[in-house]
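A quick write-up on the structure given underneath.
In this note's numbering, the protein residues as written are 719 to 1171.
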C-alpha cells in the first residue's frame, strides 16, 4: 500500500501536494507515483498514458486521482460528503476481454434462490483468471440472449465481480444452445418455483442441503453470530457427518465429536467450542440477522430488536405491528411472520433455548428515539483499540444513531481511532465534531452500553 496524504506531523507540512509527497518519502513512507501538470490538456494526456501503462505495474489500479497542487486553496474549497473538492478521481473503463461460455450451471443460495452461473474457458481480466460469471436470473439471460457455446464480452464490474456485458453474435456457429432453468433443485430434487412478481426461481424445501450449508455459513459469519473457526469447509463436514443439520445443532456439539472430524485436533476443537460458547450471548439483533430472513439485513435487524423485549415477542408479532417499525415494509413484515411461523424454525429456536443461547436484549429495550445519538449520523475512521468496527457500529445503533460510510454536512460526529484516513481531513474542513475512541466509550458507558471490569 502507498501513503498519499499527510494530515499531522511533528514538522511543518508543505502547502504543495508534490512537496508533501516528497516529505512522506523522506520519512520512509511508500508513496504513489505522481506527475505535475500545468493544464487540463496535460492532465488528459497523463490519464491516457496511464490507462495503457497500468497493466505494467506490480499492483492493480482502477484510476487516477487529480489533485489541486495548492493545499491551502484546497482547504478553502472544503469537501463534499464523499471527497475534498480539490480532488477528483478518474476511473479507467473496465478492461474487457472475449470469453467462451462452455456451460451454464446453477447454484442454490441460503434462501433457496436458484442462480444461473456461466462456466467460462479461463481468461485473464483485470489481473486475475476468471472461469465463472453470475448470470443473476433467467430474465437477464433472455434479455442478453446468452447461450451455451457463445463468445461473449467479459469485464469485472467495479474491477471486482465478473460480468458478461454482451454476446458477440457474429461469432455464432449455429451450434449454440439456449439455456432453461431446471424444473427441480439440483441439490435436493424438490420442484423449483417462480413466485409471482419475482425474477428468481426458488427451491422451497427448507431441508435442502445446499440451503442448509449456505444458511449455516451465514449464521456463523462475523456480522451474525461470529463463531470463529466454523467456516464453509468445517460446516460441510458437519453436514456430511449429520452432526449439525441446522443452527440449533451447532450448540449441541461436543468436544469429542468435533475433535474426531478430519483436520481437527484437540486444540482446534477446544478453540471452536470456546467460540461457540461465546456466541450464546450475542445481541438480539445479531441473532435476528443470523437467521437469514429474506429482506432482513443487519440494519433492519437492529431496528426490529429495539422494539421488542425478547425473541419470543418478535416471533409472536403481527405484520401490522412489524410495519410500525421504521424501514419495515409489507414484504419484509410478511417474510418475518412467515419465517417464524415455520415449524422447522420453531424447532431451531427451541434447540437454541435449550442450549442456553440467550440473546442480549436488556440493553436494547429502550426506544431508539430516547438515545443520546437519536437521528444522528456518525462515521468511524482509523483503527479502534478496544473494540472491532462492527462492535462500535452496534453501540452507536443502540444509542439511537446510525453509521454512515462518508463524512458530509449531515454528519454529527467522526469517531477517530489510530491511523485515521482522509475522513478526518474532511471532518475538520467541514467543522464536524471529532470524537476520540475514549470519548465515545465514555458516552456509551453513561448509557450502560459498555461492560465495566
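The beta carbon of each residue, even a glycine, is placed where N, CA and C say it ideally should be.
Based on the DSSP secondary-structure assignment, which residues constitute the bridge partners of residue i?
| i | result |
| --- | --- |
| residue 821 | 837 |
| residue 809 | 781 |
| residue 850 | 837 |
| residue 921 | 910 |
| residue 1152 | 1132 |
| residue 734 | 788 |
| residue 879 | 875 |
| residue 842 | 847 |
| residue 1096 | 1121, 1131 |
| residue 832 | 826, 919 |
| residue 866 | 895 |
| residue 815 | 872 |
| residue 950 | Partner(s): none; residue 950 has no beta bridge. |
| residue 1014 | Note: residue 1014 sits in no beta bridge, so no partner. |
| residue 1173 | Because the chain spans 719 through 1171 in this model, residue 1173 falls outside it and cannot be assessed. |
| residue 797 | 802 |
| residue 885 | 870 |
Is the Cβ-Cβ distance between residue i and residue j less than 7 Å?
| i | j | result |
| --- | --- | --- |
| residue 885 | residue 864 | yes |
| residue 1000 | residue 1041 | no |
| residue 807 | residue 1144 | no |
| residue 1045 | residue 1013 | no |
| residue 780 | residue 809 | yes |
| residue 1130 | residue 1094 | yes |
| residue 783 | residue 805 | yes |
| residue 906 | residue 926 | yes |
| residue 859 | residue 910 | no |
| residue 996 | residue 1029 | no |
| residue 795 | residue 803 | yes |
| residue 1118 | residue 1096 | no |
| residue 812 | residue 771 | no |
Identify, in the order they occur along the chain, each residue of the same chain with its Cβ nearer than 6 Å to the Cβ of residue i, setting aside the five sequence neighbours on each side.
| i | result |
| --- | --- |
| residue 933 | 828, 1010 |
| residue 993 | 945, 946, 947 |
| residue 924 | 1062 |
| residue 890 | none |
| residue 1066 | 964, 965, 966 |
| residue 1058 | 1033 |
| residue 1161 | none |
Going along the chain, which residues of its own chain have a beta-carbon closer than 7 Å to the beta-carbon of residue i, five neighbours each way excluded?
| i | result |
| --- | --- |
| residue 1154 | 1134 |
| residue 975 | 961 |
| residue 893 | 867 |
| residue 1098 | 1107, 1110, 1121, 1133 |
| residue 755 | 761, 764 |
| residue 989 | 947 |
| residue 954 | 931 |
| residue 895 | 865, 866, 867 |
Please report whether the beta-carbon of residue i lies at a distance below 7 Å from any beta-carbon of chain D.
| i | result |
| --- | --- |
| residue 744 | Absent here is chain D; the protein component of the structure consists of one chain. |
Taking residue i as the reference, give the member of the options with the closest Cα.
| i | options | result |
| --- | --- | --- |
| residue 987 | 1142, 913, 977 | 977 |
| residue 1149 | 740, 1058, 729, 793 | 793 |
| residue 857 | 881, 842, 917 | 917 |
| residue 922 | 904, 937, 795, 935 | 904 |
| residue 1103 | 1158, 1058, 1052, 1077 | 1158 |
| residue 1037 | 1152, 1047, 1030 | 1047 |
| residue 1121 | 1091, 989, 738 | 1091 |
| residue 855 | 898, 908, 1132 | 898 |
| residue 919 | 1147, 931, 901 | 901 |
| residue 844 | 956, 769, 722, 950 | 769 |
| residue 981 | 963, 949, 746 | 949 |
| residue 1054 | 1077, 1006, 883, 956 | 1006 |
| residue 750 | 861, 757, 759, 735 | 735 |
| residue 746 | 721, 732, 758, 791 | 721 |
| residue 852 | 824, 731, 730 | 824 |
| residue 786 | 723, 846, 729, 772 | 723 |
| residue 791 | 830, 1147, 1124, 775 | 1147 |
| residue 936 | 773, 1015, 878 | 1015 |
| residue 1043 | 850, 1017, 861, 973 | 1017 |
| residue 846 | 752, 878, 775 | 878 |
| residue 951 | 973, 940, 979 | 979 |
Note down, in chain order, each residue of its chain lying with its Cβ closer than 8 Å to the Cβ of residue i, except the 5 sequence neighbours on either side.
| i | result |
| --- | --- |
| residue 1100 | 1134, 1135, 1136, 1137, 1138, 1139, 1142 |
| residue 1080 | Since pLDDT at residue 1080 reaches only 40, below the 50 mark, its modelled position is unreliable, and the value read off the structure follows with that caveat. Nothing meets the Cβ criterion. |
| residue 1082 | Residue confidence for residue 1082 is low, a pLDDT of 42 falling below 50, so the modelled location carries little weight; the figure read from the coordinates is stated next. Only 1001, 1002, 1003, 1023, 1024, 1116 meet the Cβ criterion. |
| residue 816 | 841, 869, 870, 871, 872, 886 |
| residue 1074 | 969, 998 |
| residue 957 | 927, 930, 931, 934, 963 |
| residue 743 | 749 |
Cβ-heavy atom distance between residue i and the ligand ZN below 6 Å?
| i | result |
| --- | --- |
| residue 874 | With respect to the ligand ZN, the structure offers nothing, as it holds no ligand at all. |
| field | At least 3 beta-carbon pairs within less than 8 Å: the stretch 837-846 vs the stretch 816-824 | value | yes
| request: Give a yes or no on contact between the stretch 1020-1039 and the stretch 958-970, applying the rule of three or more CB pairs nearer than 8 Å. | output: no
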